[in-house]
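*Asks:* This is the structure I want to talk about, given as structure tokens.
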Amino acid sequence: MEKPFASSLPELFTRVDDYSVDNASAAASEGLVFTTLDKAVNWARKNSIWPMTFGLACCAIEMMSMSASRFDIARFGAEVFRGSPRQSDLMIIAGRVSQKMAPVIRHLYQQMPEPKWAISMGACATSTGVFNNYALIPVNQVIPIDVFVPGCPPRPEQLIYALMLLQQKIQDQSGTVKQVLNLA
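In the working numbering, the protein residues as written are 71 to 254.
In structure tokens:
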């Protein structure tokens, strides 16, 4: 009798159903990891975020200190701030957004490749803060915002927490592979 195809595979390729929940420790001891392609792609995306800074006011100072050695955002995969929107997938808006600055922000956001995310940092970017007048607008009226960071100015720890919330949001996405392959 002829062997089935699965049993003729090299030992490197092991069938998933050879490992049950009871046998998970045996799989782990062999260095095997079982996951979905969506989870693997999302894990890679959440650990390699390339932020683009858009510092408009005093919040930018706190944002810059976040990348210094004391807070070290490299631990979270957001190591190097990019100067070009075409090389980044996260825009951090830090400071007041004026009516004249809104088209610039929208244009830069549109230049970013998909998938892209945005963080609104500080009270001024989120709700115009203490400068509530006709010339300023909240940034969420210009581009979609994924995470809002409150404070005037927020501490670097708060921005790191916002980055961690964004990473969780990225990890929880479904249909990532379909979007990449344009099947959705």
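Ideal Cβ placement from N, Cα and C applies to all residues, glycine included.
Quantities reported herein were computed from a predicted structural model and do not represent experimental measurements.
1. Could you check what DSSP says for residue 205 in three-state terms: helix, strand or coil?
2. Determine the direct distance from the alpha carbon of residue 132 to that of residue 245, and round the result to whole angstroms.
3. Would you report the Cα separation of residue 102 and residue 110, rounded to the nearest angstrom?
4. Keeping to the same chain, check which residues put their C-beta closer than 7 angstroms to that of residue 71; ignore five residues upstream and five downstream.
5. I need the straight-line Cα distance from residue 162 to residue 105, nearest angstrom please.
6. Can you name, in chain order, every residue of its own chain whose Cβ lies under 7 angstroms from the Cβ of residue 158, other than the five neighbours on each side?
7. Spatial neighbours of residue 226 within its chain, please: CB distance less than 7 angstroms, with the 5 preceding and 5 following residues excluded, ordered by chain position.
8. Assuming contact is defined by CB atoms lying nearer than 8 angstroms, are residue 191 and residue 233 in contact in what I supplied?
9. What does the alpha-carbon distance come out to for the pair residue 77 and residue 100?
*Replies:* Taking the definition as stated:
1. Residue 205 falls in the coil class under three-state DSSP.
2. Rounded to the nearest angstrom, the two C-alpha atoms are 35 angstroms apart.
3. Roughly 14 angstroms between the two C-alpha positions.
4. Unreliable placement is indicated for residue 71, whose pLDDT of 48 sits below 50; no coordinate value is reported for it.
5. The alpha-carbon of residue 162 is positioned some 31 angstroms away from that of residue 105.
6. Leaving aside the five residues that flank residue 158 on each side, the residues in its chain whose CB is nearer than 7 angstroms to its CB run, in chain order, 120, 121, 122, 152, 182.
7. Counting only Cβ-Cβ distances below 7 angstroms, and skipping sequence neighbours, we find 132, 135, 136, 141.
8. In this structure, residue 191 lies away from residue 233, with their beta-carbon atoms at least 8 angstroms apart.
9. With a pLDDT of only 45 at residue 77, under 50, the local geometry of the prediction cannot be trusted, and no value is derived from it.
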